[in-house]
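Residue numbers (the working numbering), protein chains in the order written: chain A, 1093 to 1462; chain B, 1093 to 1462; chain C, 1093 to 1462; chain D, 1093 to 1462.
Every residue gets a Cβ at the ideal spot worked out from N, C-alpha and C, and that includes glycine.
Presented below is the structure to which this report refers.
Protein chains: 4
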Amino acid sequence: MSEKFTSVHYHSYLQLDKILDAQHPRSAQVEESVAHDEMLFIIMHQVYELWFKQIIHELESISLMFEDNLMDEVEILKAVTRLERIIEIQKLLIDQINVMETLTAMDFLDFRQYLFPASGFQSLQFRVVENLLGLKQEQRLTYNNLPYDVVFSETQKEVLERSIENKSLLTHVIEWLDRTPFLEFSKFSFLEAYKKAVERMIQKDKDAINASEILSEETKKQRLTMMGDTSTYFNAVFDPAQFEEMRNRGEVKFSYKAMLAALFIFLYRDEPILQQPYRLLSRLMDIEEMLTNWRNRHSQMVLRMIGRKTGTGGSSGHQYLKSTAQHHQIFTDLYQVATLLIPRSELPALPEELKQYLGFYFSSHEHVKE
Amino acid sequence: MSEKFTSVHYHSYLQLDKILDAQHPRSAQVEESVAHDEMLFIIMHQVYELWFKQIIHELESISLMFEDNLMDEVEILKAVTRLERIIEIQKLLIDQINVMETLTAMDFLDFRQYLFPASGFQSLQFRVVENLLGLKQEQRLTYNNLPYDVVFSETQKEVLERSIENKSLLTHVIEWLDRTPFLEFSKFSFLEAYKKAVERMIQKDKDAINASEILSEETKKQRLTMMGDTSTYFNAVFDPAQFEEMRNRGEVKFSYKAMLAALFIFLYRDEPILQQPYRLLSRLMDIEEMLTNWRNRHSQMVLRMIGRKTGTGGSSGHQYLKSTAQHHQIFTDLYQVATLLIPRSELPALPEELKQYLGFYFSSHEHVKE
Amino acid sequence: MSEKFTSVHYHSYLQLDKILDAQHPRSAQVEESVAHDEMLFIIMHQVYELWFKQIIHELESISLMFEDNLMDEVEILKAVTRLERIIEIQKLLIDQINVMETLTAMDFLDFRQYLFPASGFQSLQFRVVENLLGLKQEQRLTYNNLPYDVVFSETQKEVLERSIENKSLLTHVIEWLDRTPFLEFSKFSFLEAYKKAVERMIQKDKDAINASEILSEETKKQRLTMMGDTSTYFNAVFDPAQFEEMRNRGEVKFSYKAMLAALFIFLYRDEPILQQPYRLLSRLMDIEEMLTNWRNRHSQMVLRMIGRKTGTGGSSGHQYLKSTAQHHQIFTDLYQVATLLIPRSELPALPEELKQYLGFYFSSHEHVKE
Amino acid sequence: MSEKFTSVHYHSYLQLDKILDAQHPRSAQVEESVAHDEMLFIIMHQVYELWFKQIIHELESISLMFEDNLMDEVEILKAVTRLERIIEIQKLLIDQINVMETLTAMDFLDFRQYLFPASGFQSLQFRVVENLLGLKQEQRLTYNNLPYDVVFSETQKEVLERSIENKSLLTHVIEWLDRTPFLEFSKFSFLEAYKKAVERMIQKDKDAINASEILSEETKKQRLTMMGDTSTYFNAVFDPAQFEEMRNRGEVKFSYKAMLAALFIFLYRDEPILQQPYRLLSRLMDIEEMLTNWRNRHSQMVLRMIGRKTGTGGSSGHQYLKSTAQHHQIFTDLYQVATLLIPRSELPALPEELKQYLGFYFSSHEHVKE
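Written out as structure tokens, the structure is:
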């Protein structure tokens, strides 16, 4: 008789004995009367940690797919699905701030002193999430001029170490883009075709400015100068050497090839074999945005809760969180690609043979029949 | 040296050792390979239970306020604030279904068999929440023709019992409305004044129908008959005997006096002393609505996940949940009051003396000075 | 000189002269003092109508794709994208009810009389949306025992007629499923393979029930009887005659073939060529759910606003809206498919040749090379 | 026969002839084939403008209440209700970005050229909203080094002028706080009492740091230094001269008295007569936050849509919007107050007489009876 038919109760399955017996307000231990709102404070953070665990579970599984070189066309869909789950969780994390905000400053201050020096800064799992995504150690803001891991125990530091040693999602994605086969396709030079389209587009924009009836001559000049900036940016793409310099200066993280591959995927996203890769890249941008939204909202909430006071962990609270929204960004290179996009109507047609390669076997077979 | 200055770490404060070690997928125990998505299933439900604990924490504290007769004008604000917190949590519970829906039917079916016969139906805390709010035992839908508590252990049943024995929020609110002093104010007969306003309003509506140029005579007659129904309903308010009959038939739960008090509060909500009581009643309606939304969304999700299959607990799943949305309602009497409202411009003016009683001491003092 | 370089101003481009001069509160015309909140009432409904126009724009474009037989593998993605846009708009429509709810009953009643007999029931565009999606005329609830189009002018009725005459999205989808080529693939009998998998699964479930240590014998018997129901439902799929009877009774709208095709797509959704068709079907379910959510929320709001009073249009308001949530459903057949799903691990493997047909040309080519 | 009984149809009431005939895609005029997605672009912006009109309607009505000196205790509730409506609308404005994001960069680029030089920067109503709230002209970021109103016609500039000439909401609120009577109450010196409470609290925090077992001596010193900063900040409150300097440097906009009044309201928010004033101030903070959220989300969307390209209006797009999130802030002074809050348990008790003044007439009367 297999073990799997053993009955299980909701209560034991979810280990609610543990889960629901893990709320012990500090204010109850040190004072006669417990601060009513400390319960919310505890449960809210426990929920955050549960979701972080789930996010880590998903990120690690995606990394495994990349590592085992499983990332074929079917697996990509699975990775996309898991990234979409992370995004849905992130939405909850953000909306949860609305619950947090029902805790008023004065009620929080009532038990805040007992929490010292505990702080959200000490969430190990949150650091692991950042590392798994690909936040570079050198990007990290210091914390009262100390490294961010100063608050962790030795065992916790080991967990952190492992999350850094393994390849991050960012690294996996770059390597996967590097391997994209379609750029090197026979006679078609993607870069050449794209270059011409860009030139056409820029010329049109310039014509539009010059033809304007309401802009003054001065404004026109100004606008044309700005156009220059944009085209300068396009030029960087066409020149590998210039790109390499940007990379050396730390302005981009992608390799030249990875960047071209991402651009190719963004431009030809409708071709069957590129549909899921495009979604994958888009979801990474969503995750970045959600993380930034969360940091911004969190920072606002802290401002409202403790104003300019220092956080329980001793951090500068509001200011620190606001800075991470700006500096702890990971997939910035994908946003560069947005600058490089051109109108759909200007998109160079793909050679028939390449189009077939990017399509379904079935469709190609149908063609043959006809 | 007071204990309160002992340092505390985020990790131990939140008892993360317990919280993050309470996820043990059954599929991992009975098969070689764990079903990846079972983790989500577990964590999602644990988060639900954590929020239920918080809701119970708030509901119990509000009941205490009522019990200790603390419900003076300052305490009401506190109760309102806690109800608003519950509402914010309910929004999360609903939005969490979006995360749930990233678990597809086929992936769920992969580990569903191991959960048998565990079921959300076995959530003790959810039943306690329903009881604390005021769901009557006789309202409860049966579950495969068995009482809803058949799935609980003896200890759990005791917890349930306690949640029934104490006065529910509904009962507290009715008793609190019963005590409202303002209806009996000296010469002012609220009921008389309201009666006249209603008659005026109904006459206006009838005139509007009769004067219509586009309605056929037949439609006019039909509409006037329907008007009759509404005025019939208003009449029930004016006749305590008729109201008592409705109550005996189980159509209303409020006492006659409580219903009048609620109506008085709804109509004169702008008077200072009634502002928070009005918010209190409104928040109860919000909580009911959120609960109904959650049941509807939950029911839809189950339909999508397992179709017409029976739930793991053996319930008819989708259908059961949909029925509770209709039958497990608690504050229905407050919605009756909506039918009784009249346009603001038709509102009978309060006698100056009563107005002063409903106002601030400061304002009255100011008046005196002038 | 091409016309396209003419300058355009934001204000004229959006025709704000029209848009922002279309709010004329009735209360201002008939009384000295305008009801402040009527402005909200007007703008809220205008926003609804603007979004309805956008939804119609998307639905019509999708129908055109189907009509021109453009629905190849690339076009499906485009249709999915537009359905997803509709869903995002639907979310706004639902959340907009929160704005609506800032209008209190008493303030609404203040100008409600002037609106008579205007009513949301008279929204032509909303009826067109229902028709374009595929709501059958015979499904429609009557309105005071009169046909729903009694409120429209002749010109408006013509618009309605056109929205019925053309094939609805539902019809297009059924025909498209009917054309799916993969069910008839050479030696592989999808139905046979699926049948065996179902039998295996049902047997497992029965074993689980029989092996249970906590269920009483009586409960076991009851559960096994219910299981019978489910297998009965599965049997209907296997027997075209039985299915045809259900269809004649109006219980299903899909053809037998369309239903099998939908099931095939749901089960093998991971195969490259089925990924977008699966998304298409899923998005239709989302649209249905959103519409139902909106109807439920709208119905709740009306209950709160006017209670059991009749609507300005003379409808029974709350009750009518609640009934449409139940009866105005369109894509119900897709939910039937959910009942037919089986665990991913029980999914019958596809023959290698078919798998190739469902895959990418590139992958097949790679195979050849090796 | 009064005009008010004239029938009205939904369609004419909402002036749908105008509203639904105001979408004329430019791409349709200049090319053979219209860009499908331009419709969304137009409607989306029209919806924004309709909501802006509603927000202006509410803001102007609130200003009138202040102007007519109507802002007694009953009116404040009305103002709060209208601010809450604005907040609900702002939530929609933010969520609407999700609809906007279904328009992909490449599809947008397809008709973007025809819009030149129209730009969201030319929304007159949005500028009016900023002005009505209280954004100072000198705070405004320039736009390509030109004043922000350069894009408006003479008539539009007049509208702008009027929105500046009248007192802004910020000014009204400051003046209203200046008039608060309770600070000057007989023998009770609010400032003295508050001062002592702050000193007690800071001492406690210092003790906690010194008693810590895990902080190194160096860290302790660092933390104590930071504490110094906070107390420095508190000191500024106690010294009117120092505050005046901050005001002259433009660091604060409130008067000294207004700031004290706001602090008093925040601290004693539970006293009946302060409950609505507290909500009023809180809602202003919500509005500010929502506006900032919207600017942040908008900026992210633009980054994703056009990358570093310049906007159609010639602005630096993403960067400009991001900067306004930081610099176009209005109610910053209220956030300063958060820094000044103290734990509820440290709150100095009010003298009985003052407490009575802040309470209800009814309660005081009750007291007397006993």
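Worksheet item: Where does Leu1081 (chain B) sit, in a helix, a strand or coil, going by DSSP?
Response: Given a span of 1093 to 1462 for chain B in the structure shown, any question on residue 1081 (chain B) remains unanswerable.
DSSP state of His1101 (chain B) mapped onto helix, strand, coil | Here residue 1101 (chain B) is taken as the residue at index 9 of the second sequence, counted from 1. Of the three classes helix, strand and coil, the one that applies to His1101 (chain B) here is coil, per DSSP.
Kindly indicate which residue of C:Met1192, C:Leu1233 and C:Asp1241 has the alpha-carbon position closest to the one of Ser1215 (chain C).
-> One-based indexing of the third sequence puts residue 1215 (chain C) at position 123. For the residues C:Met1192, C:Leu1233 and C:Asp1241, the minimum Cα distance to Ser1215 (chain C) belongs to C:Asp1241.
Worksheet entry | Simplified DSSP assignment, three categories, for Leu1238 (chain D) | Here residue 1238 (chain D) refers to the residue found at position 146 when the fourth sequence is read from its first residue. Taken through DSSP and simplified to helix, strand or coil, Leu1238 (chain D) comes out as strand.
With C-beta atoms as the reference, is Ile1178 (chain B) less than 8 Å away from Ile1422 (chain B)? Here residue 1178 (chain B) refers to the residue found at position 86 when the second sequence is read from its first residue. Here residue 1422 (chain B) refers to the residue found at position 330 when the second sequence is read from its first residue. Taking 8 Å as the Cβ cut-off, Ile1178 (chain B) and Ile1422 (chain B) do not qualify as a contacting pair.
Point to revise | For Ala1354 (chain D), the nearest candidate out of D:Ser1374, D:Asp1331, D:Asp1109 and D:Trp1386 (CA to CA) | key: Counting from 1 along the fourth sequence, the entry for residue 1354 (chain D) is found at position 262. Nearest option by C-alpha distance: D:Ser1374.
#### Entry: Supposed close pair Leu1283 (chain C), Tyr1360 (chain C) - CB separation, criterion 8 Å
As a working note, residue 1283 (chain C) is residue 191 in the third sequence. As a working note, residue 1360 (chain C) is residue 268 in the third sequence. Not quite, the Cβ-Cβ distance comes to about 14 Å (not below 8 Å), so this is no contact.
Going along the region 1435–1446 of chain D in order, which residues come within less than 7 Å of chain A, judged by CB to CB distance? Cβ contacts with chain A come from Pro1435, Arg1436 and Ser1437.
For a quick check, are the C-beta atoms of Pro1332 (chain B) and Phe1452 (chain B) less than 8 Å apart?
Along the second sequence, one-based indexing puts residue 1332 (chain B) at 240. Along the second sequence, one-based indexing puts residue 1452 (chain B) at 360. Taking C-beta atoms as the reference points, Pro1332 (chain B) and Phe1452 (chain B) fail to come closer than 8 Å.
Legend entry - Sheet register partners of Phe1452 (chain D) (DSSP bridge): Translated into the one-based positions of the fourth sequence, residue 1452 (chain D) becomes position 360. Per DSSP, B:Phe1452.
- Item | Where Thr1387 (chain C) falls: helix, strand or coil (DSSP) | Within the third sequence, numbered from 1, the residue matching residue 1387 (chain C) stands at position 295. It should be pointed out that residue 1387 (chain C) corresponds to Arg in this sequence rather than to Thr. Taken through DSSP and simplified to helix, strand or coil, Arg1387 (chain C) comes out as helix.
_Residue range of the unbroken alpha helix (DSSP H) whose run includes Gly1320 (chain B)_ = Position 228 of the second sequence holds residue 1320 (chain B). Where Gly1320 (chain B) is concerned, the enclosing alpha helix (DSSP H) stretches over Glu1309 to Phe1330.
query = Are any of the Cβ atoms in chain D nearer than 8 Å to that of Gly1212 (chain A)?
reply = The residue labelled residue 1212 (chain A) in the question sits at position 120 within the first sequence. Chain D, which has no Cβ nearer than 8 Å to the Cβ of Gly1212 (chain A), makes this no.
- Task: Kindly confirm or deny that the region 1194–1202 of chain B and the region 1119–1134 of chain B touch, where touching means at least three C-beta pairs closer than 8 Å.
- Result: Segments in contact, yes.
(message) At the 8 Å Cβ level, is Tyr1453 (chain C) part of the contact set with chain A, yes or no?
(response) One-based indexing of the third sequence puts residue 1453 (chain C) at position 361. Closer than 8 Å to the CB of Tyr1453 (chain C) there is at least one CB belonging to chain A.
Notebook entry, point to check: Using CA coordinates, which residue listed in A:Phe1158, A:Asp1160 and A:Leu1108 is at the minimum distance from Gln1138 (chain B)?
Noted result: The sequence position of residue 1138 (chain B) within the second sequence is 46, counting from 1. A:Leu1108 is the residue among A:Phe1158, A:Asp1160 and A:Leu1108 whose C-alpha sits nearest the C-alpha of Gln1138 (chain B).
- Message: For Thr1311 (chain C) and Ala1303 (chain C), I'd like the C-alpha separation in whole angstroms.
- Response: Counting from 1 along the third sequence, the entry for residue 1311 (chain C) is found at position 219. Counting from 1 along the third sequence, the entry for residue 1303 (chain C) is found at position 211. Their backbone Cα atoms lie some 12 Å apart in a straight line.
Under three-state DSSP, which class holds Ile1422 (chain D)? Position 330 of the fourth sequence, counting from 1, holds the residue named residue 1422 (chain D). Ile1422 (chain D) falls in the coil class under three-state DSSP.
Going by alpha carbons, who is nearest to Leu1352 (chain A) out of A:Phe1330, A:Asn1340 and A:Asp1362? Within the first sequence, numbered from 1, the residue matching residue 1352 (chain A) stands at position 260. Checking every option, the nearest Cα to that of Leu1352 (chain A) belongs to A:Phe1330.
message: Would Val1166 (chain B) pass as an interface residue toward chain D - the criterion being a Cβ-Cβ separation below 8 Å?
response: One-based indexing of the second sequence puts residue 1166 (chain B) at position 74. Yes, Val1166 (chain B) counts as interfacial toward chain D.
Open item on the list: Assuming Ile1434 (chain D) is part of the alpha helix (DSSP H), what are its boundary residues?
Closed with: Along the fourth sequence, one-based indexing puts residue 1434 (chain D) at 342. Element bounds for Ile1434 (chain D): n/a, residue is neither H nor E.
Exercise for the section: Determine the extent of the alpha helix (DSSP H) in which Asp1270 (chain D) is found, giving its start and end residues. Expected result: In the fourth sequence, counting from the first residue as 1, residue 1270 (chain D) sits at position 178. Segment Leu1261 to Asp1270, the alpha helix (DSSP H) holding Asp1270 (chain D).
Quiz item: Taking only beta-carbon atoms, is Arg1292 (chain B) less than 8 Å away from chain C?
Solution: For the purposes of this step, residue 1292 (chain B) is identified with residue 200 of the second sequence, where counting begins at 1. Chain C contact via Cβ: absent.
- Query: Can you list the residues of chain A that Met1377 (chain D) reaches, using a CB-CB cut of under 9 Å?
  - Reply: Start at 1 with the first residue of the fourth sequence, and residue 1377 (chain D) comes out as number 285. Within chain A, the residues near Met1377 (chain D) are Arg1396.
_Proximal residues of chain C, C-beta to C-beta of Gly1399 (chain B) below 8 Å_ = To locate residue 1399 (chain B), count along the second sequence from 1; it is residue 307. Within chain C, the residues near Gly1399 (chain B) are Tyr1427, Gln1428, Val1429, Ala1430, Thr1431, Leu1432 and Leu1433.
Taking 7 Å as the limit between beta carbons, can you name the residues of its chain near Phe1244 (chain D), skipping five residues before and five after? Your numbering for residue 1244 (chain D) matches position 152 in the fourth sequence. For Phe1244 (chain D), where only same-chain residues beyond five positions count, the Cβ hits under 7 Å are Leu1216 and Leu1252.
Three-state secondary structure (DSSP) at Tyr1360 (chain C)? Within the third sequence, the letter at position 268 stands for residue 1360 (chain C). Residue state, collapsed to three classes: coil.
Those runs of the alpha helix (DSSP H) which lie wholly inside the region 1098–1158 of chain B and span at least 4 residues: DSSP runs (the alpha helix (DSSP H)) wholly in the region 1098–1158 of chain B: 1102–1105, 1108–1111 and 1118–1122.
### Touch test, the region 1152–1172 of chain B against the region 1138–1154 of chain A, Cβ-Cβ under 8 Å, three pairs minimum
With a cut-off of 8 Å, the region 1138–1154 of chain A and the region 1152–1172 of chain B do not count as touching, because too few Cβ pairs lie within range.
Next on the checklist: Quick check on DSSP: helix, strand or coil for Glu1255 (chain B)?
Outcome noted: One-based indexing of the second sequence puts residue 1255 (chain B) at position 163. It is Ser, not Glu, that sits at residue 1255 (chain B) in the sequence shown. Helix.
(request) Leaving aside the five residues before and after Tyr1206 (chain C) along the sequence, list all residues of the same chain whose C-beta is less than 7 Å from its C-beta, in chain order. (result) The residue labelled residue 1206 (chain C) in the question sits at position 114 within the third sequence. Excluding residues within five positions, the ones whose Cβ falls inside 7 Å are Arg1118, Ser1119 and Val1122.
When you compare only the Cα positions, how much space is there between Arg1313 (chain B) and Met1319 (chain B)?
To locate residue 1313 (chain B), count along the second sequence from 1; it is residue 221. To locate residue 1319 (chain B), count along the second sequence from 1; it is residue 227. Reading off the sequence, residue 1313 (chain B) comes out as Lys, not Arg. So the two alpha carbons sit approximately 10 Å from each other.
* To do: Identify the contact partners of Lys1298 (chain A) in chain D, using a Cβ-Cβ distance below 7 Å as the criterion.
  => As a working mapping, residue 1298 (chain A) is identified with position 206 in the first sequence. Using a Cβ-Cβ cut-off of 7 Å, Lys1298 (chain A) is close to nothing in chain D; its nearest Cβ partner there is about 11 Å away.
Can you have a look at Lys1061 (chain D) and say buried or exposed, based on whether 16 or more other CB atoms are within 10 angstroms of its CB? Since the displayed chain D opens at 1093 and closes at 1462, residue 1061 (chain D) lies outside it and no answer follows.
- Query: In its own chain, which residues sit with a C-beta less than 6 Å from the C-beta of Asn1385 (chain C), not counting the 5 before and 5 after it?
  - Reply: In the third sequence, the residue the question calls residue 1385 (chain C) occupies position 293. Only Ile1186 meet the Cβ criterion.
**Prompt:** At a cut of 8 Å, does the region 1423–1430 of chain B reach the region 1340–1351 of chain B through at least three beta carbon pairs?
**Reply:** With a cut-off of 8 Å, the region 1340–1351 of chain B and the region 1423–1430 of chain B count as touching, because enough Cβ pairs lie within range.
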